[in-house]
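Residue numbers (the working numbering): 2 to 448.
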Amino acid sequence: VSFGISSTMKITCAALVLAVATTNVAAFTPQVVPSVTAQFQLSASFTENDNGKAMDEPKAKFSKRKMAMKALAKTAGALTTVAFATSAIAPPAFAAKKVVEIAETVETIDKTKNIVIPAVLAAGAIGAKVLMGGGGVKKQDFLEADPFWDQKTVPTNTFKNKAPFKGKVISTKRIVGPQATGETCHIIIDHEGKFPYWEGQSWGVKPPGAREKDGKPHSVRLYSIASTRYGDDMTGNTGSLCVRRATYWCPELKADDPAKQGICSNFLCDTKPGNDVMMTGPAGKAMLLPEENPETDYIMVATGTGIAPYRGFIRRLFTEDTPAGAVYKGQAWLFLGVANSDALLYDDEWQKVKEEYPKNFRLDYALSREQENKKGGKMYIQDKVEEYSDEIFNKLENGAHIYFCGLKGMMPGIQDMLKGVCESKGVDYDEFIKGLQSKKQWHVEVY
Numbered sequence: 002v003s004f005g006i007s008s009t010m011k012i013t014c015a016a017l018v019l020a021v022a023t024t025n026v027a028a029f030t031p032q033v034v035p036s037v038t039a040q041f042q043l044s045a046s047f048t049e050n051d052n053g054k055a056m057d058e059p060k061a062k063f064s065k066r067k068m069a070m071k072a073l074a075k076t077a078g079a080l081t082t083v084a085f086a087t088s089a090i091a092p093p094a095f096a097a098k099k100v101v102e103i104a105e106t107v108e109t110i111d112k113t114k115n116i117v118i119p120a121v122l123a124a125g126a127i128g129a130k131v132l133m134g135g136g137g138v139k140k141q142d143f144l145e146a147d148p149f150w151d152q153k154t155v156p157t158n159t160f161k162n163k164a165p166f167k168g169k170v171i172s173t174k175r176i177v178g179p180q181a182t183g184e185t186c187h188i189i190i191d192h193e194g195k196f197p198y199w200e201g202q203s204w205g206v207k208p209p210g211a212r213e214k215d216g217k218p219h220s221v222r223l224y225s226i227a228s229t230r231y232g233d234d235m236t237g238n239t240g241s242l243c244v245r246r247a248t249y250w251c252p253e254l255k256a257d258d259p260a261k262q263g264i265c266s267n268f269l270c271d272t273k274p275g276n277d278v279m280m281t282g283p284a285g286k287a288m289l290l291p292e293e294n295p296e297t298d299y300i301m302v303a304t305g306t307g308i309a310p311y312r313g314f315i316r317r318l319f320t321e322d323t324p325a326g327a328v329y330k331g332q333a334w335l336f337l338g339v340a341n342s343d344a345l346l347y348d349d350e351w352q353k354v355k356e357e358y359p360k361n362f363r364l365d366y367a368l369s370r371e372q373e374n375k376k377g378g379k380m381y382i383q384d385k386v387e388e389y390s391d392e393i394f395n396k397l398e399n400g401a402h403i404y405f406c407g408l409k410g411m412m413p414g415i416q417d418m419l420k421g422v423c424e425s426k427g428v429d430y431d432e433f434i435k436g437l438q439s440k441k442q443w444h445v446e447v448y
């Protein structure tokens, strides 16, 4: 790309863009941008020539450009280091967003933007195109209905038991700490764009092999999809599952009994890149997001891997460049119940969203082995939700949608909580719940 600028500047811009595009450490770049600003501010009071000697004020404009380039070079170097360290390619939308952030920072320098911004953006377009196989920079808007909130075209049962789809595992990663109760894995599966789905739906997985009792193939197990329709790489070609390995502790053996382990969960958690996964679906419409009103509040309650659909919701609303996220003005409130801090799922993602959207995203954890409820007992998810019973009731009365996903054992406690609030307000509980269900504000997927 030629803009009549020096080779050094071209290399600096290209290095910066490629570094940002290949870095998936989202929390890193926002910390770097202020440092770039500081470099520019410094250039306003201190100038130097090519040899590092102080210059006179008449040469300030030239010096500011020089300082801007030095700042960009330092930023590119730091980001490149992180890129190599993480060895991962971020989605092009993320790269483009960060390029624009840095370009906007350059605007603080008088007229420097006339040189830097075109160079950075042009290099960014080329860099992203090369990195993403020629696809260029895309918004996450190419798998939408028209209008985007219209649910008439939600795909269901595209692939059935007798003719499943063969997906291919891209990666399987343990996502809990050493003190977690059990193992939970995040599994990314390539479906080549041939298996569309929406946030809140499930995939069926047919584990290989046959049942011992009759020799018939194993039945399909349903798993909530843990990514948006665009997948973790935002290309529309992948989907993710959040799976806990099901095991049985034998008190006599004092160890896990392999004969009683979960067939499908163990198969999935043991998969390696390149392994085939036979899949059905997508299934279900009960957990879809109603997106027509961008001011709708969402209350999401999960235990363990029940977090899966909410990861898709939150990424769609806050992380990805989607039509729904662009207009969303409501509040998404996530409750997650797990045993301890090591068992928290996707906490880094939630903290990032909370930092960037403090008014639109709330987060509450129930850690049963680390926290106590108001009665002095273990803090379960229903106890945490109860702490906000009046606020939740008021939100529901004002049109909020509430979702439950995970162990069905949480439901009696939550229903008792709402019943108590209804009684205190002179509201008939059964009629209240019927009203929520008739307005499709009540979403349940428990097991």
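The beta-carbon is built from N, C-alpha and C at its ideal position, and this holds for glycine as well.
Query, Result
"I'd like to confirm the pairing. Which residues does DSSP put opposite G338 in its beta bridges?", "T304, A367"
"Return helix, strand or coil for S225, following the three-state DSSP convention.", "strand"
"Please confirm whether Y231 and Q141 have their CB atoms less than 9 Å apart.", "yes"
"Kindly indicate which three-state DSSP category G326 falls into: helix, strand or coil?", "helix"
"Quick one: give me the first and last residue of the beta strand (DSSP E) that K167 is part of.", "166–175"
"Measuring only the C-alpha atoms, how far is P179 from D343?", "7 Å"
"In the structure shown, what three-state DSSP assignment does T320 receive?", "helix"
"Report the CB separation of G205 from A325 in whole angstroms; it is logged as a contact under 8 Å.", "That pair is no contact at about 26 Å."
"Buried or exposed: where does P359 fall if 16 or more other Cβ atoms within 10 Å of its Cβ makes it buried?", "exposed"
"Go through its chain and collect everything with a Cβ distance to F433's Cβ below 7 Å, but skip five positions before and after it.", "C423"
"Sort out for me which residues DSSP pairs F160 with in a bridge.", "G282"
"Taking the alpha-carbon positions, what's the R317 to A333 distance?", "11 Å"
"When burial is assigned at 16 or more other CB atoms within 10 Å of the CB, is K195 buried or exposed?", "exposed"
"With G407 as the anchor, note down where its beta strand (DSSP E) starts and where it stops.", "402–407"
"Less than 9 Å between the beta carbons of I382 and A309, yes or no?", "no"
"Please report the straight-line C-alpha distance between C270 and T229, rounded to a whole angstrom.", "21 Å"
"Near G1, which residues of its chain fall below 6 Å by C-beta distance, leaving aside the five closest residues on each side in sequence?", "The requested residue 1 does not occur in the structure, where the chain is confined to residues 2 to 448."
"Looking at the unbroken beta strand (DSSP E) that takes in V445, where does it start and where does it end?", "443–447"
"Among the residues of its own chain, which have a CB less than 8 Å from the CB of L408, if the five just before and after it don't count?", "T304, G305, G307, V447, Y448"
"The alpha helix (DSSP H) with G421 in it runs from where to where?", "412–425"
"If you reduce the DSSP assignment to three classes, tell me which class A181 lands in.", "coil"
"When burial is assigned at 16 or more other CB atoms within 10 Å of the CB, is K157 buried or exposed?", "According to the sequence as given, residue 157 is Thr; it is not Lys. Flag for T157 reads exposed."
"Less than 9 Å between the C-beta atoms of G400 and T297, yes or no?", "yes"
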